[in-house]
Structures are given as structure tokens and as C-alpha cells.
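Asks:
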Amino acid sequence: LSFFIIVSSSNEYAKYLGGDSTFSGIVIGIPTVFSAMTLIPLTRLDKGRYKLPLHASCAASILGHVLYACAYHANFLYLILIGRIVSGVAFSMWMYCKRFCSDGRLVGIRQRTTLAGWLVVGQAIGMSAGPFFGGLLTRIGFANSVFNGFTSPAWIMAGVWAVFWLCVTRWFEDVAEVESVELFLVNHSSPAAQDTAGLEERSVRARDLSLAQWGVVACMSWFAMTCFFILGAWESNIPVFGADYGRLGFSPFAAGNFIALGGITTFPFLLMNLFFARRLQDRHILLTGVSCGLVGLSVFLALLRTGTVSYGSMFVCWWAIALGFNLASTVTISLVSKQLPQEWNGRMSLVVQCSNYAGRVTGAVWGGSGVAVGMLNYVGLEIGTVGMGAVLYSLLYKNLKTKIG
Numbered sequence: 002l003s004f005f006i007i008v009s010s011s012n013e014y015a016k017y018l019g020g021d022s023t024f025s026g027i028v029i030g031i032p033t034v035f036s037a038m039t040l041i042p043l044t045r046l047d048k049g050r051y052k053l054p055l056h057a058s059c060a061a062s063i064l065g066h067v068l069y070a071c072a073y074h075a076n077f078l079y080l081i082l083i084g085r086i087v088s089g090v091a092f093s094m095w096m097y098c099k100r101f102c103s104d105g106r107l108v109g110i111r112q113r114t115t116l117a118g119w120l121v122v123g124q125a126i127g128m129s130a131g132p133f134f135g136g137l138l139t140r141i142g143f144a145n146s147v148f149n150g151f152t153s154p155a156w157i158m159a160g161v162w163a164v165f166w167l168c169v170t171r172w173f174e175d176v177a178e179v180e181s182v183e184l185f186l187v188n189h190s191s192p193a194a195q196d197t198a199g200l201e202e203r204s205v206r207a208r209d210l211s212l213a214q215w216g217v218v219a220c221m222s223w224f225a226m227t228c229f230f231i232l233g234a235w236e237s238n239i240p241v242f243g244a245d246y247g248r249l250g251f252s253p254f255a256a257g258n259f260i261a262l263g264g265i266t267t268f269p270f271l272l273m274n275l276f277f278a279r280r281l282q283d284r285h286i287l288l289t290g291v292s293c294g295l296v297g298l299s300v301f302l303a304l305l306r307t308g309t310v311s312y313g314s315m316f317v318c319w320w321a322i323a324l325g326f327n328l329a330s331t332v333t334i335s336l337v338s339k340q341l342p343q344e345w346n347g348r349m350s351l352v353v354q355c356s357n358y359a360g361r362v363t364g365a366v367w368g369g370s371g372v373a374v375g376m377l378n379y380v381g382l383e384i385g386t387v388g389m390g391a392v393l394y395s396l397l398y399k400n401l402k403t404k405i406g
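All letters in the sequence shown, in the order written, are residues 2 to 406 by my numbering.
#1: If you drop the 5 nearest sequence neighbours on each side, which residues of the same chain put their C-beta closer than 8 Å to that of residue 15?
#2: For the alpha helix (DSSP H) containing residue 171, name the first residue and the last one.
#3: If residue 69 and residue 89 are in contact, beta carbons under 8 Å, what's the gap, nearest whole angstrom?
#4: Pull up the CB-CB distance for residue 140 and residue 254, whole angstroms please, since I reckon it's below 8 Å.
#5: Let me know the alpha helix (DSSP H) ranges lying completely inside the stretch 249-276, each 4 residues or longer, listed in chain order.
#6: Taking the continuous alpha helix (DSSP H) assigned at residue 344, which residues delimit it?
#7: Cα separation between residue 287 and residue 209?
#8: What separation, rounded to the nearest whole angstrom, lies between the Cα atoms of residue 13 and residue 282?
#9: Tell me whether the stretch 120-131 and the stretch 319-339 touch, counting them as touching only if at least three CB pairs, one residue from each stretch, are closer than 8 Å.
#10: Specify the secondary structure class of residue 422 as computed by DSSP and reduced to three states.
#11: How many Å lie between residue 245 and residue 372 at the Cα?
#12: Do three or more CB pairs link the stretch 246-266 to the stretch 92-110 at distances below 8 Å?
#13: Ordered along the chain, which non-local residues of its own chain (more than five positions away) have a Cβ less than 6 Å from that of residue 228?
#14: Consult DSSP for residue 88 and reduce its assignment to one of helix, strand or coil.
#15: At the level of alpha carbons, what is the spacing between residue 240 and residue 248?
#16: One question on the structure: do residue 280 and residue 398 come within less than 8 Å of each other, judged by their Cβ atoms?
#17: Please state if the CB of residue 135 and the CB of residue 7 are separated by a distance shorter than 8 Å.
#18: I'd like to check one pair, residue 99 with residue 354: are the Cβ atoms closer than 8 Å?
#19: Just tell me which of 2, 51 and 76 has its CA closest to the CA of residue 18.
#20: Can you tell me where the alpha helix (DSSP H) holding residue 214 begins and where it ends?
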């Protein structure tokens with residue numbers, strides 16, 4: 002919700018302060034760059050637990066939204082960028098949410114895809130509610146220099162995060178710390194000690210990843226990047242293309258409603274996925290989702306070529322893309338976690354999440370620039386990224402087999 006609530010109005014907000022659509026795309030996507038940078042020190046300090054990143058996320062969210070809102074009164078374009086950068090620190094919690102869903106201390110191997118499916122349902126709620134409420138608040142206006150159509154979404158979200166922080170402080174229970182174990186001194190020159198050392202060394206080698214496992218990690222990282230690249234591009238492009246294309250003529254409110262409607266109508270199918278996740282392999286869910294999204298992209302490309310884009314036809318394409326790539330994103334972490342030993346979970350969660358971040362930021366910038374570079378080129382690049390993923394999927398199909406659930 003925090004990420005998406007500014008999407009429908011950021012283009013108009015940036016233009017009011019002297020920016021353009023490309024700058025708006027940067028504002029939407031830049032938080033994920035700093036989320037990835039934040040994860041480097043945060044993963045060294047978290048001790049495998051969740052409370053520290055959760056508190057850091059709450060604090061950064063409040064500060065980031067306040068800075069974003071203050072840009073209007075200060076009439077300073079780059080303050081909205083600074084505010085979103087600070088919010089990016091908060092969005093580092095996305096990785097911890099995904100790590101939680103695949104944490105062997107908390108979730109069994111047959112429940113991980115189902116739990117990840119619930120996470121994506123929540124993600125879809127934010128993707129729908131954010132643009133809708135952002136567009137609604139922009140339309141209401143609140144004509145003053147502090148609380149108005151551009152700033153009210155940020156002020157409200159700062160308040161929501163303050164309340165949530167109080168709830169976290171009161172009720173969140175973290176995983177238990179790993180108890181220290183006292184070790185007896187061993188004479189390493191003795192044969193028994195040498196045998197033990199040899200067993201430990203072989204155990205470490207056994208935990209090294211095979212070439213096929215690294216291929217699976219690379220494949221899931223690519224699909225994680227692709228899903229969020231395309232979703233992020235469309236979310237930032239719809240307000241820009243909708244306002245530029247004569248047959249649509251979107252206002253921020255209309256663009257927010259369009260994005261939200263596409264997300265809302267995917268809910269029944271994402272909920273159905275929670276049922277099928279217990280009966281289908283992750284690789285088949287991935288194939289279904291990506292295929293659905295690719296159909297949406299291909300149809301939209303044909304509409305652009307023939308100049309027959311309308312509200313209804315574009316909505317069908319957006320619906321297929323939102324459903325398909327949200328569905329595909331449910332399995333990227335869970336599939337990797339089922340393939341690898343538990344001690345690799347934290348590192349691989351970080352790798353896949355950084356791929357998500359890379360897709361988010363590049364997608365938002367690409368979407369904001371879509372009209373400028375040409376919409377055919379815009380859609381063509383997205384289809385190309387899916388095609389590269391299809392090659393990886395075909396080569397690694399047998400290695401992508403995992404337990405269901």
C-alpha cells in the first residue's frame with residue numbers, strides 16, 4: 002500500500018514541482034535501489050531474526066512519507082525523491098517477509114508455496130487499494146499547502162505506520178535466539194579429533210551447491226526480476242500512457258481506478274491458487290502465470306500496432322498481466338527454498354529479493370519512459386525478458402521439480 006498509493010498522482014505531482022514523466026518513474030522505482038543497499042548491513046545485524054528490520058521499517062516509513070508530503074509546501078522537487086529514498090529503507094522488509102515464508106524454523110516445506118500465495122494476495126490488495134485511494138484523495142483535493150491531493154496520501158500513510166508500529170511493539174513475537182552451546186576442548190592431534198574434522202569438512206562440501214542448483218537460483222532470480230519489471234512498468238506507465246492517448250484521457254483518479262480494478266479482479270484467481278498450490282508443482286504454477294502474462298503483452302502489442310487500443314481492450318491486457326505475473330511471483334522464493342539446504346535460505350532469499358528490487362526500479366523507470374521511447378519498443382522489451390526466462394525454464398525444466406505445497 003505504501004509503495005503504490007502515490008503511483009496514480011506521482012506524475013502530476015512531479016510535473017507540478019517542475020519534473021517530467023521520467024522523473025515520476027524514478028520517484029516510483031528508486032526506493033527499491035535503497036532497499037537493496039539497506040539489506041547489506043541489515044542482514045549482518047539481524048542475527049537471523051525479524052524484530053530489528055521490522056522496527057527499522059516502521060521508522061523509515063513514517064519519515065519517508067513525511068518528507069514526501071513536505072515537498073509541496075517547500076516547493077522542492079527533489080524532496081519527493083528524498084522521501085521515497087527514505088521509504089526505500091522501509092521496503093527492505095519485503096525480503097524478510099519472503100524469508101519468513103520459507104524459514105525452516107517456522108514453516109514446513111509443504112506449506113511454503115501456500116504461505117507465499119497468501120503473501121501475494123496481500124501484495125495484490127496493496128497494488129489495488131493503493132492507486133485507488135491515492136487517486137481518490139487526489140480528486141478530493143483538500144485545497145491547502147500542507148494537506149492536499151498530492152500530499153494527503155503520504156500524511157495518511159505516515160499515520161497508519163505510526164499505529165502499526167505501536168502494534169508491532171506490543172504484540173509481535175520474534176523467533177527465539179539460537180542458544181549458545183558450550184564446546185569441550187579437543188586435542189586436534191588425536192585420531193578421533195582428526196576423524197571429526199574430516200567429517201565436518203565433508204559435511205561442508207556436501208552443502209555446496211551443484212551446477213544445477215545454481216542454475217535454478219539463476220532461473221528464479223530472472224523470473225523474479227521479470228515479474229516485477231513488468232508489473233512495475235505497467236503501474237507507472239498506465240497514468241502516463243492513459244493521459245497521453247486520446248481515446249483514454251486518464252486523470253490521476255481514473256488511472257488509479259484502472260490499476261485498482263485490474264488488481265481487484267485478480268483476487269478470486271489468486272485465492273484459487275492457494276487451493277491449487279497444494280496440488281501442483283511450483284514449476285507448473287510458474288509456467289501458468291508467465292503464459293497468462295505473455296498473452297496479455299502479446300495482445301496489447303497487437304492493439305498498439307493496429308491503433309485499436311480502447312479502455313476495455315487495455316483492461317483485459319492489464320488484467321492478464323497483473324494476474325499472470327503476480328501468480329508467477331508466488332513460487333520464486335518457495336521453489337528455491339525447497340531445492341537448497343536451510344542454511345542457504347537467508348542468502349538465497351537476499352539474492353531473489355535483490356532481483357525483485359532490480360525489476361521494480363528498472364520497470365518503474367521504463368514505464369515512465371514508455372511514451373517517450375515508443376510504446377511498441379516498451380512492450381517489445383517486456384516480451385523479450387519473458388522470452389529469455391522461457392529459455393532458462395526449458396533448459397532447467399527437470400531441475401525445477403520440487404515437492405508440492
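A virtual CB, placed ideally from N, CA and C, is assigned to each residue, including glycine.
Predicted model, so just to flag it, every value in this text is computed and none were measured.
Replies: Reading from the atomic positions:
#1: 21, 22, 24, 25, 28, 78 and 81
#2: 153-172
#3: Actually they do not touch by this definition, with Cβ atoms about 12 Å apart.
#4: 4 Å
#5: 253-265
#6: Neither: residue 344 is in no alpha helix (DSSP H) and is coded neither H nor E.
#7: 26 Å
#8: 44 Å
#9: yes
#10: Here the chain covers residues 2 to 406 and nothing more, so residue 422 does not appear.
#11: 8 Å
#12: no
#13: 326, 329 and 330
#14: helix
#15: 13 Å
#16: no
#17: yes
#18: yes
#19: 76
#20: 212-245
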